[in-house]
Amino acid sequence: MEREVFGKGILVVGGGISGLTTALEVAETGYRVILVEKEAFLGGRVARLNKYYTKLCPPSCGLEINFKRIKRNPNIQYFTLAEVESVSGEEGNYDVAIRVQPRYVNDNCTACGECEKVCVTEIENDFNLGMDKTKAAYLPYHMAFPMKYVLAPEIIGTDEAKRCLEACKYNAIDLEMQPETINVKVGSIVVTTGWKPYDAAKIDNLGFGKYENVITNVMMERLAAPNGPTNGKILRPSDGKEVKNVIFAQCAGSRDENHLPYCSAVCCLASLKQATYVREQDRESKVTIFYIDVRAIGRYEDFYTKVQSDENVSFIKGKVAKVEEDPATKDPIVEVEDTLSGEKIRAKADLVVLATGIVPNMSENKIPLNITCDEFGFAVSDPSKTGIYAAGCARRPVGVAGAVQDATGAALKSIQSTLRR
Amino acid sequence: MDKKIGVYICSGCEIGESLDIEALAGLASSKYKVPVCKNHPMLCGEEGSSLIRSDIEKEGVNTVVIAACSPREKTNVFSYDPTAISMERINLREHVAWCHTPNDEDTQMLAEDYMRMGIAKAQKMATLEPFSEEINKTILVVGGGITGITSALEAAKAGKDVVLVEKGPELGGWMAKIWKQYPKTPPYLELQETGIDSKIREVKSNTKIRIYTGAKIEKTEGAPGLFDVTISQNGKSETIRVGSIVEATGWQPYDANKLGHLGFGKSPNVVTNIMIEEMASKGKFARPSDGKEAKSVAFIQCAGSRDSNHLPYCSSYCCLTSLKQAAYIREQDSDTKVYILYKDIRTPAQYELFYKKVQEDAGVFLTKGEVVGVSEDSDKNLIIDVDNTLLGDRIQIKADMVVLATGMVPSAGIQVKDLALEEPEGTSDEKKKEEEVPKDFIIPSDILNLSYRQGPELPSLKYGFPDSHYICFPYETRRTGIYAAGCVRQPLDSADCVDDAAGAALKAIQCVELTAQGKAVHPRAGDMSYPELYMSRCTQCKRCTEECPFGMYNEDEKGNPLPNPTRCRRCGICMGSCPERIISFKDYSVDIIGSMVKAIDVPEEDEEKPRVVAFLCENDAYPSMDIVGRKRLSYNPYMRVIPLRCLGNVNIVWIADALSKGIDGVLLIGCKYGDDYQCHYIKGSELASYRMEKIKETLDRLRLESDRIRILELSIDEYDKLPGIFDDFMETIERVGPNPYKGF
Numbered sequence: 014m015e016r017e018v019f020g021k022g023i024l025v026v027g028g029g030i031s032g033l034t035t036a037l038e039v040a041e042t043g044y045r046v047i048l049v050e051k052e053a054f055l056g057g058r059v060a061r062l063n064k065y066y067t068k069l070c071p072p073s074c075g076l077e078i079n080f081k082r083i084k085r086n087p088n089i090q091y092f093t094l095a096e097v098e099s100v101s102g103e104e105g106n107y108d109v110a111i112r113v114q115p116r117y118v119n120d121n122c123t124a125c126g127e128c129e130k131v132c133v134t135e136i137e138n139d140f141n142l143g144m145d146k147t148k149a150a151y152l153p154y155h156m157a158f159p160m161k162y163v164l165a166p167e168i169i170g171t172d173e174a175k176r177c178l179e180a181c182k183y184n185a186i187d188l189e190m191q192p193e194t195i196n197v198k199v200g201s202i203v204v205t206t207g208w209k210p211y212d213a214a215k216i217d218n219l220g221f222g223k224y225e226n227v228i229t230n231v232m233m234e235r236l237a238a239p240n241g242p243t244n245g246k247i248l249r250p251s252d253g254k255e256v257k258n259v260i261f262a263q264c265a266g267s268r269d270e271n272h273l274p275y276c277s278a279v280c281c282l283a284s285l286k287q288a289t290y291v292r293e294q295d296r297e298s299k300v301t302i303f304y305i306d307v308r309a310i311g312r313y314e315d316f317y318t319k320v321q322s323d324e325n326v327s328f329i330k331g332k333v334a335k336v337e338e339d340p341a342t343k344d345p346i347v348e349v350e351d352t353l354s355g356e357k358i359r360a361k362a363d364l365v366v367l368a369t370g371i372v373p374n375m376s377e378n379k380i381p382l383n384i385t386c387d388e389f390g391f392a393v394s395d396p397s398k399t400g401i402y403a404a405g406c407a408r409r410p411v412g413v414a415g416a417v418q419d420a421t422g423a424a425l426k427s428i429q430s431t432l433r434r
Numbered sequence: 016m017d018k019k020i021g022v023y024i025c026s027g028c029e030i031g032e033s034l035d036i037e038a039l040a041g042l043a044s045s046k047y048k049v050p051v052c053k054n055h056p057m058l059c060g061e062e063g064s065s066l067i068r069s070d071i072e073k074e075g076v077n078t079v080v081i082a083a084c085s086p087r088e089k090t091n092v093f094s095y096d097p098t099a100i101s102m103e104r105i106n107l108r109e110h111v112a113w114c115h116t117p118n119d120e121d122t123q124m125l126a127e128d129y130m131r132m133g134i135a136k137a138q139k140m141a142t143l144e145p146f147s148e149e150i151n152k153t154i155l156v157v158g159g160g161i162t163g164i165t166s167a168l169e170a171a172k173a174g175k176d177v178v179l180v181e182k183g184p185e186l187g188g189w190m191a192k193i194w195k196q197y198p199k200t201p202p203y204l205e206l207q208e209t210g211i212d213s214k215i216r217e218v219k220s221n222t223k224i225r226i227y228t229g230a231k232i233e234k235t236e237g238a239p240g241l242f243d244v245t246i247s248q249n250g251k252s253e254t255i256r257v258g259s260i261v262e263a264t265g266w267q268p269y270d271a272n273k274l275g276h277l278g279f280g281k282s283p284n285v286v287t288n289i290m291i292e293e294m295a296s297k298g299k300f301a302r303p304s305d306g307k308e309a310k311s312v313a314f315i316q317c318a319g320s321r322d323s324n325h326l327p328y329c330s331s332y333c334c335l336t337s338l339k340q341a342a343y344i345r346e347q348d349s350d351t352k353v354y355i356l357y358k359d360i361r362t363p364a365q366y367e368l369f370y371k372k373v374q375e376d377a378g379v380f381l382t383k384g385e386v387v388g389v390s391e392d393s394d395k396n397l398i399i400d401v402d403n404t405l406l407g408d409r410i411q412i413k414a415d416m417v418v419l420a421t422g423m424v425p426s427a428g429i430q431v432k433d434l435a436l437e438e439p440e441g442t443s444d445e446k447k448k449e450e451e452v453p454k455d456f457i458i459p460s461d462i463l464n465l466s467y468r469q470g471p472e473l474p475s476l477k478y479g480f481p482d483s484h485y486i487c488f489p490y491e492t493r494r495t496g497i498y499a500a501g502c503v504r505q506p507l508d509s510a511d512c513v514d515d516a517a518g519a520a521l522k523a524i525q526c527v528e529l530t531a532q533g534k535a536v537h538p539r540a541g542d543m544s545y546p547e548l549y550m551s552r553c554t555q556c557k558r559c560t561e562e563c564p565f566g567m568y569n570e571d572e573k574g575n576p577l578p579n580p581t582r583c584r585r586c587g588i589c590m591g592s593c594p595e596r597i598i599s600f601k602d603y604s605v606d607i608i609g610s611m612v613k614a615i616d617v618p619e620e621d622e623e624k625p626r627v628v629a630f631l632c633e634n635d636a637y638p639s640m641d642i643v644g645r646k647r648l649s650y651n652p653y654m655r656v657i658p659l660r661c662l663g664n665v666n667i668v669w670i671a672d673a674l675s676k677g678i679d680g681v682l683l684i685g686c687k688y689g690d691d692y693q694c695h696y697i698k699g700s701e702l703a704s705y706r707m708e709k710i711k712e713t714l715d716r717l718r719l720e721s722d723r724i725r726i727l728e729l730s731i732d733e734y735d736k737l738p739g740i741f742d743d744f745m746e747t748i749e750r751v752g753p754n755p756y757k758g759f
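Taken in sequence, the protein lines are chains A and B. Residue numbers are given in the working numbering: position 195 of the first sequence equals residue 208, and the series is strictly consecutive. Residue numbers are given in the working numbering: position 514 of the second sequence equals residue 529, and the series is strictly consecutive.
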């Protein structure tokens with residue numbers, strides 16, 4: 014279906030922090046932007062973080078400002094539950110087909126929550142990485158933007174869906190909604206498709222998937238977040254007890270020929286940050302970080318210095334070789350060599366957090382675009398190929414500040430392409 | 016044009032079920048005599064919004080009051096041109112219907128007060144007239160290294176005229192002094208050419224870029240779009256007009272003379288990473304003592320970095336540089352041994368692959384360790400004692416030459432004597448807080464020489480870097496229209512500098528584009544209001560000129576504030592600072608908010624219904640309160656919330672207005688301040704706190720309990736604490752008793 018979308022501008026593929034930034038920076042400079050996001054809300058991975066390092070500030074603060082900027086700017090048009098289906102053309106003149114999946118909820122939605130009240134079916138809560146459940150008529154999370162409900166496709170055609178329809182007073186539910194294709198013309202494209210966590214189950218020696226109390230860093234963020242599955246209490250999966258002794262295993266599946274050969278740049282600082290979560294929850298708690306190199310680069314070093322000064326946090330240089338479990342208590346046990354003392358350690362903890370790395374989404378979901386990538390799936394800047402750019406973790410593993418810097422630069426490049434016809 | 020107000024009340028989303036809508040409408044029509052007052056069960060739908068549009072088009076309504084959901088919702092539906100229509104939104108949903116007892120007297124009184132307050136504001140709001148003046152869109156780039164050159168090229172490619180000023184005789188900066196760079200493109204294994212020569216050629220041949228070398232900036236006057244910059248070159252001065260500025264003046268190496276403990280200055284064969292680059296371009300790694308080629312070279316990482324006695328921070332480029340230099344040495348002579356002694360090797364992302372390659376070279380030996388001593392033997396060879404190594408015990412390494420991997424000091428921080436011990440003023444010292452207004456820390460560094468009342472350069476964040484303190488907004492600047500980029504902003508490697516340059520160029524361009532339309536930049540991007548001063552009542556107290564976080568006001572010799580509207584971020588902190596209340600925006604003023612406070616209906620003391628005004632910052636606190644409503648959490652119905660652009664807007668007169676009306680307490684909730692400040696306007700909430708401390712003394716003198724005023728910091732994710740905060744404050748109010756001024 015052809016839908017009238019305003020004239021030539023810039024397409025941004027992916028609505029996480031990088032995509033949001035590129036879109037906003039382009040729009041505020043006076044150019045039109047179309048932002049395409051696969052999930053039902055904008056914010057991507059950062060919306061699922063508890064806090065940012067090293068200020069320990071909540072992501073929703075910056076996101077609120079960004080959403081406010083979107084609300085104020087008629088230059089931005091965004092599509093959620095949408096993906097790019099095809100791209101043709103050249104710099105200055107691309108024809109793009111955007112495929113939008115049905116939300117089954119239209120713009121009348123006031124997010125009053127009546128449909129959720131009558132819905133009984135539960136689905137995995139994707140926002141909480143499957144760690145809990147949500148109703149099939151749901152708001153992705155409490156500050157979701159757009160503030161609109163979603164009906165899960167599972168219930169369409171069932172009585173459940175009809176009940177939701179009847180509960181809605183504002184004609185916001187449309188069970189007949191179909192996937193649609195929207196064709197747009199743009200002058201340049203910025204790919205900000207971000208990342209997914211490396212699958213920890215592939216790292217056999219580290220016990221993820223085998224032992225309940227071995228989790229990943231992204232799961233830890235959800236546990237610590239007030240809007241997470243445990244309302245912000247870091248509880249161990251096996252018995253729900255508050256953790257008192259946590260081990261962080263750095264470079265889990267990273268800097269490793271058998272997994273990800275590159276370094277994911279953020280995991281050291283993420284673990285330092287998460288160590289502070291544990292310490293804040295319980296003053297008596299203890300944290301041990303097994304590392305190869307602590308990469309707290311630039312002024313972030315101050316944060317490392319601060320965490321090091323906490324007596325209850327120990328740092329041992331040694332890569333965790335193996336994780337096992339005490340079957341009686343379900344306490345995970347870590348085997349590692351302290352490379353400075355030469356001593357072999359077997360350390361028990363309440364919880365082990367694997368600091369897993371970043372895998373670019375483009376390495377697995379190819380976008381129909383002529384974009385050069387390196388062997389890991391990260392986009393490579395090619396100054397001879399103008400018109401299509403990438404920013405954020407689609408280019409290399411990077412933290413939020415770096416991604417925003419990058420995305421701002423990509424905004425400029427995308428504007429240059431529209432001027433260069 | 017005469018104001019014609021239309022009040023529109025929505026009864027959807029449980030508002031109609033909780034409140035007596037007729038009574039609310041009656042209040043608007045009879046008490047406030049609004050000419051148009053309507054209600055609708057779904058104001059945000061097609062029918063409801065058309066109703067409003069039709070009244071605007073046909074009935075001449077030019078001020079719209081919408082009593083419905085939060086002003087943060089349905090913004091695309093309720094959106095009007097602020098130069099033609101004024102709009103005020105009253106939150107009857109998240110702040111009333113969703114969190115208070117339905118069909119209850121107190122809930123109804125709350126809604127009625129919000130109606131009164133909203134209409135009182137609407138009565139006084141005026142439509143906006145954007146500040147217009149001929150705006151220049153030329154971008155000035157200060158600094159001709161890789162960052163400056165890249166910024167200039169990127170801005171020119173986006174169609175802008177650029178002026179590039181470089182202090183030295185040549186362009187190229189540090190990149191022109193290095194031999195090769197570490198790999199930045201796949202497969203990330205081979206050293207690469209710097210490419211700086213072709214970049215220099217490109218910038219010189221670009222007709223949109225005017226270059227001044229051997230030049231410096233004598234003076235920068237004016238404001239975004241209207242900067243008058245005086246450049247001196249070869250004894251001559253020229254003043255040009257530019258629109259915005261990118262400061263890309265780079266860095267200097269940390270002074271190795273301070274590293275005597277590592278042998279520099281004591282032994283001739285202890286050199287720095289900078290000196291090794293010079294040797295590399297000559298193709299010979301010769302010992303300074305005798306000119307012989309070094310057959311063993313030891314790199315000491317973090318030399319004077321990550322060290323509280325020198326530079327506490329990490330300079331981010333030194334690990335990669337030493338690995339690169341190890342590769343130079345090994346390529347030049349495969350018999351030469353290289354040792355690298357480090358604290359951590361920091362090669363993030365794909366740079367890891369280069370690290371791995373160097374590690375695999377059998378002639379390179381790397382170990383973590385603490386260098387405890389560097390001494391010389393009779394042949395001027397070096398002996399390095401290293402403790403806590405990966406080999407277990409203390410080891411001793413003998414080398415022909417030692418390279419100290421020194422860090423970087425930003426050009427903006429050069430003047431600071433003791434960089435390691437420097438801390439920004441006004442943040443950590445408790446005593447200072449009581450006496451002085453929170454001030455910026457500005458280091459005179461002869462870069463921009465701004466003719467700004469508050470100081471001649473960009474304020475320093477930490478360690479001399481004029482950086483943003485926001486993770487989400489790295490280009491956020493304290494001097495509107497001036498953006499720091501590259502190593503002057505934070506320690507970066509050259510690939511990051513190139514990215515950073517493009518980002519800063521974008522912000523510089525965005526600034527002139529928005530300014531040309533009379534609009535503000537981030538965070539109130541698009542705002543066309545700006546402060547107007549009623550100078551005849553000015554007492555030259557200088558609070559506005561001192562407290563503006565962005566240095567918007569200059570000052571004349573008598574102390575009169577001289578506003579520069581294009582520097583303004585529309586935060587309104589100046590409005591809060593003025594004791595004479597002479598500063599106002601067309602849609603937001605001391606009188607407007609004061610009228611809202613005075614519109615509150617205060618019951619008599621015997622009715623035992625306390626009243627509290629809560630000033631909430633719209634950035635974090637107000638959204639938090641919306642979430643409280645969304646989660647249907649409840650709290651006492653006696654709070655009347657007034658959102659502000661920043662808590663720094665709070666003018667003392669509002670507190671006086673509230674208390675003299677018999678309102679029992681005033682609660683102020685804003686964003687965090689201090690070392691890790693969150694306040695979006697740098698020090699707004701800190702100033703509010705400072706002002707409240709002053710007012711407490713006055714209250715005590717008037718025999719009004721200072722407990723009646725409470726100021727708090729709240730983070731946007733702390734919404735679950737709000738009901739407790741509100742109820743706790745109410746308990747305090749109940750304890751101190753009703754305001755004795757009630758009924759006066």
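Even glycine gets a Cβ: it sits at the ideal position worked out from N, Cα and C. The structure presented is a predicted model; accordingly, all values stated were derived computationally and were not measured.
{"query": "Check whether chain B comes within 8 angstroms of A:C74, counting only Cβ atoms and requiring the distance to be less than that.", "result": "yes"}
{"query": "So, A:E98 versus A:I111, is the Cβ gap smaller than 8 angstroms?", "result": "yes"}
{"query": "What does the alpha-carbon distance come out to for the pair B:Y603 and B:I588?", "result": "12 angstroms"}
{"query": "Which residues in chain B sit within 7 angstroms of A:K68, going by Cβ to Cβ distance?", "result": "I486 and D691"}
{"query": "Rank B:D408, B:N249 and B:Y692 by C-alpha distance to the C-alpha of B:E728 and give the top, closest one.", "result": "B:Y692"}
{"query": "Whole angstroms are fine: how far does the CA of B:E623 sit from the CA of B:K709?", "result": "30 angstroms"}
{"query": "When you compare the CB of B:E169 with every CB in chain A, is at least one pair closer than 8 angstroms?", "result": "yes"}
{"query": "Residues of chain A with CB under 8 angstroms from B:S730, in chain order?", "result": "C70, P71 and C74"}
{"query": "Quick check: the Cα distance between A:G422 and A:V204, rounded to an integer number of angstroms?", "result": "13 angstroms"}
{"query": "Under 7 angstroms, CB to CB, which of the residues in the segment 276-289 of chain A have a partner in chain B?", "result": "C276 and A278"}
{"query": "In chain A, which residues lie with their C-beta within 8 angstroms of the C-beta of B:E88?", "result": "T123, A124 and M160"}
{"query": "Apart from the five residues on each side of it in sequence, which residues of its chain come closer than 6 angstroms, Cβ to Cβ, to B:C28?", "result": "R108"}
{"query": "Grouping DSSP H, G and I as helix and E and B as strand, with all else coil, what is B:F146?", "result": "coil"}
{"query": "Using a beta-carbon distance cut-off of less than 7 angstroms, what residues from the segment 304-336 of chain B approach chain A?", "result": "R321, P327, Y328, C329 and S331"}
{"query": "On the CB-based measure, 16 or more other CB atoms within 10 Å of its CB, does B:E562 come out buried or exposed?", "result": "buried"}
{"query": "Do B:P546 and B:I590 count as a contact pair if the criterion is CB distance below 8 angstroms?", "result": "Going by the sequence as given, residue 590 of chain B is Met instead of Ile. For B:M590 and B:P546, yes; Cβs fall inside 8 angstroms."}
{"query": "The beta strand (DSSP E) that contains B:F242, what's its start and end?", "result": "F242 to Q248"}
{"query": "Go ahead and pull the three-state DSSP assignment for B:L206.", "result": "coil"}
{"query": "Give me the residue from B:H484, B:L702 and B:T78 with the minimum Cα distance to B:E451.", "result": "B:L702"}
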